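Using full-length UniProt numbering, the first residue of the sequence shown is number 1, and each one after it goes up by one. Take a look at the structure below.
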Amino acid sequence: MQCVACGARYPPHPRLVRCPRCGGLLDVKVEPARPPSWRLWEQRRPGVWRYRELLPAVSGVKPVSIGEGATPLVELENIGRMLGFRRLYAKNEGQNPTGSFKDRGMTVAVTLAKAAGARALVVASTGNTAASVSAYGARAGLRRIVVVPRGKTALGKLAQSVLYGADIVEIEGSFDDALRAVMEAVGRDARLYPLNSFNPWRLEGQKTLAYEVVEALGGEPPDWVVVPVGNAGNISAIWKGFRELHRHGLIDRLPRMAGVQAEGAAPLARAWRKGLNEPLFVDKPETRATAIRIGHPVNWPKAMRAVRESNGVFTMVSDREILRAQAMLARLEGVAVEPASAASLAGLIKLVEEGVISSDETVVIVLTGHGLKDPQAMLEAGARRYVAAGVEDAVKLVTSLAGG
Ligand SMILES: *Cc1c(COP(=O)(O)O)cnc(C)c1O
Ligand SMILES: [Zn+2]
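This is the structure:
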């Protein structure tokens, strides 16, 4: 493991989640025991653990797995045609066990936490990480404590943590406050194992999204990968995945990374526009896309590096554009996502308009979470709804609608 801030190196350990010397983020360097190859991987069941040569060693323990990864790469035929693309795809992460990409990271990190003898898992979350920790912690037989912003957590996500049997702490404050509380608690009590995305082991699982995309595209990387950015772990993890494939000779070029933020929570996109090397942190982030309602993204150094190294870009979109993109995905492609996920389509549309992405390129947008996570947002999309007084009335309505 190596600190991205001070460069210090450490032997890997599951409990090592921040640099002991300077508090910086740690990067995991994987040295595979045998060379990874598509041939080897193809023989195994699809999913995160198929790629175990490039994952942290968990010899002797059975992975805590509920069937994460192996999500479909859906060709967006109708939206693609509308925008002039011939190769536009969506990686639909909503089809993970708890409905978001967080499960890719949790299978790895919870496996390591269990192997290291952790008693209780703890996490600050806008909702999806809490749902994922709650499920994987349940599977592992560990206590799980989630801290979420009170009144700001989408109903579906909160309901998941309830059903999975977590202890739920609702904090009067933002996600950033929840995270501060978790960090403080972890510092005081060594029984707690923190699972926020500064935990580098989670990112190791999340990077497998890149491997699956390349596999689905027949061994070729796309030209662009468009990712919604909140705490900025996912974009960092996906970029790490592509870089590792490149380093091991499994691809011969790299994609460009586009990170999309919501206007009311855009510390990275605003800094990028001004050519700054550090985020313009936001103290009171606001957006309907609650999963990216984050003003102080913990993983910003890794994310800035990913976008810079890949010759990519950060951009931002309004809530209106996000909700419009959400409706487009549902109504043109039959794909239901939560608002944060739709930020990637909204960002793509913006980048095409600005001439940054060209429609003859191959693009993958990452749809990070399922629509059912946020039923309120789904209802706000507005439908033509009718009330029928009885059977005869309903028959009349249905037949009159058939031609409309
Ligand atoms: C967590 C999450 C994000 C943001 O990912 P980061 O790694 O925090 O940048 C985006 N969309 C959804 C649905 C999420 O759950
Ligand atoms: Zn350090």
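Glycine included, C-beta positions come from ideal geometry on N, C-alpha and C. The structure displayed is predicted, hence computed values, not measured ones.
Whether residue i touches residue j by CB criterion (9 Å)
i: THR348; j: VAL337; result: Note that residue 348 corresponds to Leu in the displayed sequence, not to Thr. No, these two residues do not count as a Cβ contact at 9 Å.
i: THR208; j: ARG305; result: no
i: ALA289; j: ALA262; result: yes
i: VAL186; j: VAL229; result: no
i: LEU280; j: ALA303; result: no
i: VAL226; j: VAL363; result: yes
i: GLY7; j: VAL108; result: no
i: ARG293; j: THR126; result: yes
i: THR315; j: VAL356; result: yes
i: ARG331; j: ALA346; result: no
i: THR368; j: PHE175; result: no
i: GLU361; j: PRO222; result: yes
i: ALA140; j: LYS114; result: yes
i: ILE79; j: LEU73; result: no
i: PRO32; j: TRP201; result: no
Identity of the residue in the options nearest residue i by Cα
i: ILE171; options: MET378, THR368, ILE145; result: ILE145
i: VAL64; options: LYS284, ALA8, MET106, GLY334; result: MET106
i: LEU54; options: ARG21, GLY84, VAL30; result: VAL30
i: ARG150; options: VAL169, GLY312, ARG256, ILE79; result: VAL169
i: GLU77; options: THR71, ARG86, LEU163, ALA113; result: ARG86
i: LEU195; options: LEU121, GLY173, VAL48, TYR136; result: LEU121
i: PRO56; options: TRP239, THR287, LEU203; result: LEU203
i: TRP272; options: VAL298, ARG308, GLY84; result: ARG308
i: SER344; options: GLN2, GLU93, ARG253; result: GLU93
i: VAL317; options: LEU245, ALA340, SER358, PRO297; result: ALA340
C-alpha gap between residue i and residue j, whole angstroms
i: VAL17; j: GLN326; result: 35 Å
i: LEU155; j: ALA5; result: 37 Å
i: ARG52; j: ALA90; result: 24 Å
i: VAL282; j: ALA130; result: 23 Å
i: GLY403; j: MET82; result: 25 Å
i: PRO255; j: PHE242; result: 8 Å
i: VAL28; j: ARG384; result: 51 Å
i: GLY390; j: GLU380; result: 26 Å
i: ASP177; j: TYR193; result: 18 Å
i: LEU26; j: VAL398; result: 59 Å
i: ASN234; j: TRP300; result: 11 Å
i: TRP38; j: LEU250; result: 8 Å
i: GLY117; j: GLU353; result: 51 Å
i: TRP49; j: ALA388; result: 51 Å
i: LEU276; j: LYS152; result: 30 Å
i: GLU75; j: PRO35; result: 31 Å
Residue interval of the alpha helix (DSSP H) (run including residue i)
i: ALA258; result: Premise fails: ALA258 lies in the beta strand (DSSP E), 256-262, not in any alpha helix (DSSP H).
i: LEU203; result: 200-206
i: ASP177; result: 175-188
i: ASN78; result: 77-83
i: PRO267; result: 267-273
i: TYR136; result: 128-140
is_contact[residue i, chain D] using C-beta, thresh 9 Å
i: ALA115; result: Of the protein chains in the structure, only one exists, and it is not chain D.
Continuous beta strand (DSSP E) stretch holding residue i: start and end
i: ASP319; result: Run containing ASP319: none in the beta strand (DSSP E); it sits in the alpha helix (DSSP H), 319-333.
i: PRO149; result: 143-149
i: ASP167; result: 167-171
i: ILE294; result: That residue, ILE294, is in no beta strand (DSSP E); it is neither H nor E in DSSP.
i: TRP239; result: Element bounds for TRP239: not the beta strand (DSSP E) but the alpha helix (DSSP H), 233-247.
_Within 5 Å of ligand 2: residues by beta-carbon to any heavy atom_ = CYS3, ALA5, CYS6, ALA8, CYS19, ARG21, CYS22, GLY24
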